[in-house]
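Novice:
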Amino acid sequence: MKMEIISDKQAISLIVLFLIGESSIFIEGISAGKDLWISIILAILLSLPVMAIFARLNFLFPYRNLFDIMQICFGKYLGKACILAYVGFAIHTTSLIIDDVGFFISTTAINETPFLVIIILFSLSCAFAVKQGMEVLGRWAEFFVILPIIFEVLLLVLLIPKMNPDNIQPILYKGLYPVIHGTFLSLTFPFCYTIGFAMVFCSCKNRNSPYKIYIVSLLIGGIIVLATSLADILTIGPFNSSILYYPSSIAVSRIKVGNFLQRLEIVSATIFLLGIYIEASIYLLAACKGIAKLFCLADYRFIVLPVTLLVINLGAFDFPSIMRYFEWSTNIWPYYVFPFEVVIPTLLWLTAEIKSKKSLSTCTKPGTDI
Amino acid sequence: MYVLVILPLLIAPWELIPLYKNKQMKEFRIYSVAMVFLLMIGVLLTAGINLPRPADYIEQIISTFITNNSGEK
Numbered sequence: 000m001k002m003e004i005i006s007d008k009q010a011i012s013l014i015v016l017f018l019i020g021e022s023s024i025f026i027e028g029i030s031a032g033k034d035l036w037i038s039i040i041l042a043i044l045l046s047l048p049v050m051a052i053f054a055r056l057n058f059l060f061p062y063r064n065l066f067d068i069m070q071i072c073f074g075k076y077l078g079k080a081c082i083l084a085y086v087g088f089a090i091h092t093t094s095l096i097i098d099d100v101g102f103f104i105s106t107t108a109i110n111e112t113p114f115l116v117i118i119i120l121f122s123l124s125c126a127f128a129v130k131q132g133m134e135v136l137g138r139w140a141e142f143f144v145i146l147p148i149i150f151e152v153l154l155l156v157l158l159i160p161k162m163n164p165d166n167i168q169p170i171l172y173k174g175l176y177p178v179i180h181g182t183f184l185s186l187t188f189p190f191c192y193t194i195g196f197a198m199v200f201c202s203c204k205n206r207n208s209p210y211k212i213y214i215v216s217l218l219i220g221g222i223i224v225l226a227t228s229l230a231d232i233l234t235i236g237p238f239n240s241s242i243l244y245y246p247s248s249i250a251v252s253r254i255k256v257g258n259f260l261q262r263l264e265i266v267s268a269t270i271f272l273l274g275i276y277i278e279a280s281i282y283l284l285a286a287c288k289g290i291a292k293l294f295c296l297a298d299y300r301f302i303v304l305p306v307t308l309l310v311i312n313l314g315a316f317d318f319p320s321i322m323r324y325f326e327w328s329t330n331i332w333p334y335y336v337f338p339f340e341v342v343i344p345t346l347l348w349l350t351a352e353i354k355s356k357k358s359l360s361t362c363t364k365p366g367t368d369i
Numbered sequence: 000m001y002v003l004v005i006l007p008l009l010i011a012p013w014e015l016i017p018l019y020k021n022k023q024m025k026e027f028r029i030y031s032v033a034m035v036f037l038l039m040i041g042v043l044l045t046a047g048i049n050l051p052r053p054a055d056y057i058e059q060i061i062s063t064f065i066t067n068n069s070g071e072k
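Those sequence lines, one after another, are chains P and F.
Mapped onto numbering that gives the first Met the number 0, the consecutive letters of the first sequence carry residue numbers 0 to 369.
Mapped onto numbering that gives the first Met the number 0, the consecutive letters of the second sequence carry residue numbers 0 to 72.
Listed below in structure tokens is the structure:
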């Protein structure tokens, strides 16, 4: 199979879209309340080492994705078990993402259209993108990334007259616990959510560029997430943000410039759809690549449509209602993804360091061929 | 829900025939098993049977470790 190489700019665009997609309608880590901005800054700082781990793994094993690295580091059986766990995680996460799209569209825009129709159309378009491969996704992201950034800046500027500084004061009024909890939530989503990208990203043009890719995209995406979340809190307040399903969308709907520029929530919905399309496609790609690795197959493309159909089935029956979806994703989801996002990659990195040191020492022993 | 049965039936021949013609038998077998599994899920869902939800099992596992009632995604 042909090696899929994407440029640094394309990779950065993919991760930025990954990060800012869902933050255009949700506020992450809202349990921090008025101190949300502290939580997000802490989460960005804490996710820097995690990103460095992803980059280091890519640096140690160039032209290999996370599944290959698992098999190299953990051996055949434990490696396969890990790959199986990650495949399950990727499939379930894709179904959650398409549920997200389905619930958002059927709640806010087209109420009469059946939920199933929305998720089928969205998933099949993602399957089409995944069949084309990582390079096409990269080019797509490179082309579209500028649009959400311009929209976000536009929305932020237009929201300034509606902001109330009292909504973030006093600082640390409820103590440190809400801030720490909010930091944990922001860390699991969206910052370490980029594990999906790490699962499929295997090759770039320069060997040192993974560091640049992960860190730069985290900073760009983090600043945008911080700015949008802060703007939403300042506009509608922490209480409204915590009780609404889509607080950012509601905050944006307050924009009114004269009589001609209003109801701009469609702009935030556009950003959401652009971002979530990449998220769903990347997680679907990760699931397909994982299955291909599990069965030792050369190409993953033939399994894309069955996995998509599985995701559609799962999305159709996993959550009976939007209330259950939000309850689950609020209380359970962060703890469910934490091992996949932080714990296993850290173990993998430690094993990889030991393995690379060992191989280096055996290579440099006198009498051995280098 | 009928669409969950119709979709695998529509898609499977379209992809299975090229796999068979190219003699990719391993892929052919994996694809066939996956499609039969999907068809079964589709039929059960269309018949209105409540299948076990993965989210519930994940919740049970997580709840044994952590009891949490606050937070937001």
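The beta-carbon is built from N, C-alpha and C at its ideal position, and this holds for glycine as well.
What you are looking at is a predicted structure, and each value in this text was computed from that prediction instead of being measured.
1) Check whether chain F comes within 7 Å of P/Tyr334, counting only Cβ atoms and requiring the distance to be less than that.
2) Decide if P/Asp298 is buried, meaning its Cβ has at least 16 other Cβ atoms within 10 Å, or exposed.
3) With 7 Å as the threshold, decide whether the Cβ of F/Pro7 is near any Cβ in chain P.
4) With three or more C-beta pairs closer than 8 Å as the rule, is the segment 62 to 70 of chain P touching the segment 187 to 204 of chain P?
5) Are the C-beta atoms of P/Pro305 and some chain F residue less than 7 Å apart?
6) Counting along the chain, where does the alpha helix (DSSP H) carrying P/Thr193 start and finish?
7) Alpha helix (DSSP H) containing P/Arg138: first to last residue?
8) Three-state secondary structure (DSSP) at P/Lys393?
9) With DSSP as the reference, label P/Gln70 as helix, strand or coil.
10) Name, please, each residue of chain P whose Cβ falls closer than 9 Å to the Cβ of F/Pro53.
11) I need the straight-line Cα distance from P/Leu115 to P/Pro169, nearest angstrom please.
12) Are P/Leu186 and P/Ala42 touching if we call contact CB-CB under 7 Å?
13) Below 7 Å on C-beta distance, what does P/Trp327 contact in chain F?
14) Going by DSSP, what residue range makes up the alpha helix (DSSP H) through P/Arg55?
15) Is F/Ile65 close to chain P, meaning its C-beta is less than 7 Å from at least one C-beta of that chain?
16) Within 10 Å of its beta-carbon, does P/Gly366 have 16 or more other beta-carbons around it, so buried, or fewer, so exposed?
17) Using a Cβ-Cβ cut-off of 6 Å (strictly less than) and excluding sequence neighbours within five positions of P/Ser216, which residues of its own chain qualify?
18) Chain F beta carbons: is any one of them nearer than 7 Å to that of P/Ile104?
19) What does a CB cutoff of less than 8 Å around P/Arg206 pick up in its chain, not counting 5 residues either side in sequence?
20) Helix, strand or coil: how does DSSP classify F/Gly70 here?
21) Please report the Cβ distance between P/Glu278 and P/Gly132, rounded to the nearest whole angstrom; I am assuming they are in contact, meaning their Cβ atoms lie under 8 Å.
22) Decide if the segment 286 to 301 of chain P is in contact with the segment 73 to 91 of chain P; the criterion is three or more beta carbon pairs, one per stretch, under 8 Å apart.
Specialist: Here's the rundown:
1) yes
2) exposed
3) yes
4) yes
5) yes
6) Segment: none, P/Thr193 is in no alpha helix (DSSP H) and carries neither H nor E.
7) Where P/Arg138 is concerned, the enclosing alpha helix (DSSP H) stretches over 133 to 143.
8) With chain P represented from 0 up to 369, any question about residue 393 of chain P goes unanswered, as that position is not in the structure.
9) Residue state, collapsed to three classes: helix.
10) Contact annotation for F/Pro53 against chain P: Gly87, His91, Ser94, Leu313, Asp317 [CB-CB distance below 9 Å, chain order].
11) Going by the C-alpha atoms only, they are around 45 Å apart.
12) Contact flag set, yes.
13) Ala54, Glu58
14) Taken as a continuous stretch (DSSP letters only), the alpha helix (DSSP H) holding P/Arg55 covers 35 to 59.
15) yes
16) Model confidence at P/Gly366 stands at a pLDDT of 42, short of 50, so the residue's coordinates are unreliable; what they give is reported in the following sentence. Counting of Cβ neighbours within 10 angstroms places P/Gly366 among the exposed residues, the total staying below 16.
17) Only Ile11, Ile14, Val15 meet the Cβ criterion.
18) no
19) Phe58, Pro61
20) A caution first: F/Gly70 carries a pLDDT of 46, below 50, which makes its placement in the model too unreliable to give a value.
21) With a Cβ gap of about 17 Å, P/Glu278 and P/Gly132 do not count as contacting.
22) yes
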